[in-house]
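**Student:** In our numbering, the protein residues as written are 4 to 352.
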Amino acid sequence: MALPDFHATGLENPADMGHYRGKERFNRGSSTSIVVLDDKCVIMSEFGEEPPADLIIEAIDGELYGPKQPKVILFDIGGVCVVSPFQAILDHELSLGIPPGWINYSISKSAPHGFWHRLERGDIAMDAAFFEGFNRDLHQESLWEVFYQRERAKNPKLDDKTPSLPKLDGKWLFNEMMSSSINHDPWMFPALQSLKATNKYIIAALSNTVIFPPGHKLHQPDFFSGPLRGLFDVFISSAHVGHRKPEPSIYKLATKKLDAFAKDNASSPRNRNLGWESGVKPTEVLFLDDIGENLKAASKEGFKTLKVNLGRAYEAVDELEKITGLELEGDHPKVPVKPRFSRAKASKI
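1. Would you identify the three-state DSSP class for residue 212, choosing helix, strand or coil?
2. Looking only at its chain, what residues have a beta carbon closer than 6 Å to the beta carbon of residue 174, apart from the 5 residues adjacent to it on each side?
3. Any idea which residues DSSP pairs residue 187 with across the strands?
4. What separation, rounded to the nearest whole angstrom, lies between the Cα atoms of residue 95 and residue 265?
5. Would you call residue 294 buried or exposed, if buried means 16 or more other Cβ atoms sit within 10 Å of its Cβ?
6. What's the call for residue 28, buried or exposed, on a 16-neighbour Cβ count within 10 Å?
7. Rounded to a whole number of angstroms, what is the C-alpha to C-alpha distance between residue 177 and residue 200?
8. Do you know offhand how far residue 140's Cα is from residue 131's?
9. Need the endpoints of the beta strand (DSSP E) that residue 267 sits in, please.
10. Return yes when at least one heavy atom of the ligand GTP lies under 8 Å from the C-beta of residue 340, else no.
11. Would DSSP call residue 114 helix, strand or coil?
12. Counting only runs that start and end within the region 264-352, where is the alpha helix (DSSP H) found for 4 or more residues in a row?
13. Residue 258 and residue 285 - do their beta-carbons sit closer together than 9 Å?
14. Just verifying my parser: in three-state terms, what is the DSSP assignment at residue 240?
15. Express the C-alpha separation of residue 144 and residue 160 in angstroms, rounding to a whole number.
16. Out of 272, 303, 269, 283, point me to the one whose CA is closest to residue 249's CA.
17. Taking residue 124 as the reference, which of 274, 330, 86, 246 has the closest Cα?
18. Grab me the residues of residue 335's own chain with a C-beta within less than 8 Å of its C-beta, minus the 5 sequence neighbours each way, in chain order.
19. What first and last residue would you give for the beta strand (DSSP E) that runs through residue 161?
20. How would you write the range of the beta strand (DSSP E) that residue 78 sits in, first residue to last?
21. Can you name, in chain order, every residue of its own chain whose Cβ lies under 8 Å from the Cβ of residue 312, other than the five neighbours on each side?
22. Grab me the residues of residue 238's own chain with a C-beta within less than 8 Å of its C-beta, minus the 5 sequence neighbours each way, in chain order.
23. Considering only the alpha carbon of each residue, which of 172, 212, 155 lies closest to residue 165?
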């Protein structure tokens, strides 16, 4: 196996190589050989002496199969950085005796032109017409029939006959969901702060959002300010860009914005060392979300993904620690969040 002489590169030491990450060093007598691995798995020896085969194999295995650091850590907001609105939905379903999942099913099946989806794309305002339309989307008899029979196939204890369509107050439900999801997640938010403090990553957000009008209790004159949104280098808000997850277009837009941010901020020595001058590729993004459909779409665009489970964000924090090699967990106990109702009440439908 012939190896190129390290000095033939014109570099004084291995640290001068932009891709050198000090993967392996070993001593053999008076000479030092260096294994340098980048995307091409280049192996160099300072004095032209061939490294041991077992060391080469170990180094290559570590590069190919070990965790690779992302350049960007991209967060969803609801259900990741703040408490999930799905918790309020689950609590409401259990309180009414509705099979859990109906509300989310009715919303998702109205895509892409349902009132919820149009609001998240910024196509319509949050006004009386929205709440009327959203309420209609929650009361589609045909969807209820399909959903109930699907649930009955999984739970034979349910009645054979499909019960009456549940009566829901769409406006109350919407505001309850939004109000319940303003609190920071007790596990992920400290991890986010710790990641930001390292200055090792581009910290970004990709979130399906809504714009609260003036007069609403959750209205913010400056949408992108505040203790949470101010942590992000890049914040992609669906209601401001006209695209929403899981539409492929929003992941392409996110990549474009992240790439531009990296290149625009690559002049400092720290950011050059982090490789920002080459921009951002989809494979250099780690995306955290609580919805599988959003993660699947992101994966198709090339993103690495990490699922955040309802009420158990500490599991994702543990995975982040493995990926980054950093201590990120706070002092909040690792106890799953349980619904306010431990079981469904007697059916009211």
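Note that beta-carbon positions come from the ideal geometry of N, C-alpha and C, so glycine has one too. Keep in mind it's a predicted model, so treat the numbers as computed, not measured.
**Tutor:** Straight from the coordinates:
1. Along the sequence shown, read from residue 1 onward, the residue named residue 212 stands at position 209. Residue 212 falls in the coil class under three-state DSSP.
2. The residue given as residue 174 occupies position 171 in the sequence shown. Excluding positions up to five away in sequence, the list reads 134.
3. Walking along the sequence shown from the start, residue 187 turns up at place 184. Residue 187 is bridged to 85.
4. Locating residue 95 in the sequence shown gives position 92, where the first residue counts as 1. Locating residue 265 in the sequence shown gives position 262, where the first residue counts as 1. Straight-line Cα distance between these residues: approximately 43 Å.
5. The sequence position of residue 294 within the sequence shown is 291, counting from 1. Answer is buried; the Cβ neighbour count reaches 16.
6. Numbered from 1 along the sequence shown, position 25 holds the residue referred to as residue 28. Its pLDDT being 39, under 50, residue 28 is placed unreliably by the model, and nothing is read from it.
7. Translated into positions along the sequence shown, residue 177 becomes position 174. Translated into positions along the sequence shown, residue 200 becomes position 197. Cα to Cα, residue 177 sits roughly 35 Å from residue 200.
8. For the purposes of this step, residue 140 is taken as the residue at position 137 of the sequence shown. For the purposes of this step, residue 131 is taken as the residue at position 128 of the sequence shown. If I take the Cα positions, the gap works out to 14 Å.
9. As a position in the sequence shown, residue 267 is number 264, starting the count at 1. It is not in any beta strand (DSSP E) - residue 267 instead sits in the alpha helix (DSSP H) that spans 251-267.
10. What this structure holds is no ligand at all, so the ligand GTP is not there to describe.
11. Within the sequence shown, residue 114 is the residue found at index 111, counting from 1. It is coil, neither helix nor strand.
12. 272-276, 295-303, 316-327
13. Start at 1 with the first residue of the sequence shown, and residue 285 comes out as number 282. Start at 1 with the first residue of the sequence shown, and residue 258 comes out as number 255. Yes, they are a contact pair.
14. Start at 1 with the first residue of the sequence shown, and residue 240 comes out as number 237. Correct three-state label for residue 240: strand.
15. What you label residue 160 is simply residue 157 of the sequence shown in a count that begins at 1. What you label residue 144 is simply residue 141 of the sequence shown in a count that begins at 1. About 22 Å.
16. Numbered from its first residue, the sequence shown carries residue 249 at position 246. Out of 272, 303, 269, 283, 303 has the C-alpha closest to the C-alpha of residue 249.
17. Here the question's residue 124 lines up with position 121 in the sequence shown. Taking only the C-alpha atoms, the option nearest residue 124 is 246.
18. Counting from one through the sequence shown, the residue named residue 335 turns up at place 332. These residues qualify, in order along the chain: 189, 190, 193, 317.
19. Within the sequence shown, the letter at position 158 stands for residue 161. From DSSP, residue 161 is part of no beta strand (DSSP E); its letter is neither H nor E.
20. If you number the sequence shown from 1, residue 78 lands on position 75. Per DSSP, residue 78 belongs to the beta strand (DSSP E) from 75-78.
21. Looking up residue 312 in the sequence shown gives position 309. 293, 318, 319.
22. For the purposes of this step, residue 238 is identified with residue 235 of the sequence shown, where counting begins at 1. For residue 238, where only same-chain residues beyond five positions count, the Cβ hits under 8 Å are 207, 208, 210, 227, 232.
23. Counting from 1 along the sequence shown, the entry for residue 165 is found at position 162. Residue 155 is the option with its Cα nearest to residue 165.
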